[in-house]
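Peer 1: Letter by letter, the sequence shown follows residues 3 to 102 in the numbering used here. Beta carbons are placed, not taken as given, at the ideal position from N, Cα and C, and that holds for glycine. Sending over a structure as structure tokens; questions will come in a sec.
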Amino acid sequence: MTIRSRAIIETENAGKYLQQLAKHWSHKFPDLTFNEKEAHIPFSDDVTVDMFAETNSLVVQIVSPNEFEAIKIEGIFDQHLLRFAFKEQLSIEWHRETLA
């Protein structure tokens, strides 16, 4: 079973947060790739996080092997983003779906 979690986080600072998070995680995940608009972070062989900076939102997608891992990675992402975005009141709401 594969789980895809997705969140659309409204912020005018999407590009800034994408860059900060990608640079932060690049030390731990050397296969991470990113540019101004998107980032791909392989947390492990079976867990990935993709971020997309849009005009007024940061779109995040997590693909994981099960719900336990999905919840764990969502929490890790939330903690890191909220640390970088301490000047904003962000709302992060995850939506999960099971993939074939």
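DSSP three-state label for Ile78, please.
Peer 2: In the structure shown, Ile78 sits in a helix (DSSP, three-state: H, G or I).
Peer 1: Whole angstroms is fine: what's the gap from Ile10's alpha carbon to Leu92's?
Peer 2: Those two C-alpha atoms are separated by around 11 Å.
Peer 1: Is the separation between the beta-carbon of Ser28 and that of Phe36 shorter than 9 Å?
Peer 2: In this structure, Phe36 lies closer than 9 Å to Ser28 by Cβ.
Peer 1: Have a look at Val49, Tyr19, Lys39 and flag the residue whose alpha-carbon is nearest the alpha-carbon of Asp33.
Peer 2: For the residues Val49, Tyr19, Lys39, the minimum Cα distance to Asp33 belongs to Val49.
Peer 1: With 9 Å as the threshold, decide whether the Cβ of Asn68 is near any Cβ in chain C.
Peer 2: The structure shown contains no chain C; it is built from a single protein chain.
Peer 1: Out of His97, Leu83, Glu99, point me to the one whose CA is closest to Gln21's CA.
Peer 2: Minimum Cα distance to Gln21 is reached at Leu83.
Peer 1: Measuring straight from C-alpha to C-alpha, what distance separates Ala24 and Ala41?
Peer 2: For Ala24 and Ala41, the distance between alpha carbons rounds to 7 Å.
Peer 1: CB Ala72 to CB Ile64, shorter than 9 Å?
Peer 2: Going by C-beta atoms, Ala72 is nearer than 9 Å to Ile64.
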